[in-house]
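One structure below.
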Amino acid sequence: MASISVTYPELQEGSTGEIVIQLQDLLTKAGSHLRIDGYFGLGTRNAVRAFQKRNSLKVDGIVNSDTWVKLLETAGNIHISEPVKKVVKKTVAIIIPDLTEEEAKKIKVLYPNAEKYYG
């Protein structure tokens, strides 16, 4: 078993890029109907807010560590037991203990911006 450190930035309306595409993909897998275009606009904000409300999270439309963890568990089918969350300059590092090599590879394929560290 290995541990993996996945760093995700805090996202909000106006954010762009590959990480927003990953967010939109997770939201779609969680049941939202939105365009996957890499731009965090009104549709993505509304999808985030709806997801947060359904999962008893703070409903603010901002994708922080709590929202990332719940999205990864819900839509990414990744079990995260006791995540260690550390916020540094609005990025979120989530340490996933006791991850199998196969699970680590799955995360790397699905989320290529994830950085992998073995412990």
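Mapping of the sequence shown onto this note's numbering: position 43 corresponds to residue 1133, and the numbering continues sequentially without gaps.
All residues carry an ideal CB built from backbone N, CA and C; glycine is no exception.
Since the structure is predicted, the reported quantities are computational estimates derived from the model, not experimental observations.
For residue i: DSSP bridge partner residues
i     : result
V1153 : L1101
T1106 : Y1129
Whether residue i touches residue j by CB criterion (9 Å)
i     : j     : result
G1131 : I1111 : no
T1134 : L1113 : yes
K1119 : G1166 : yes
E1100 : S1155 : yes
V1159 : V1138 : no
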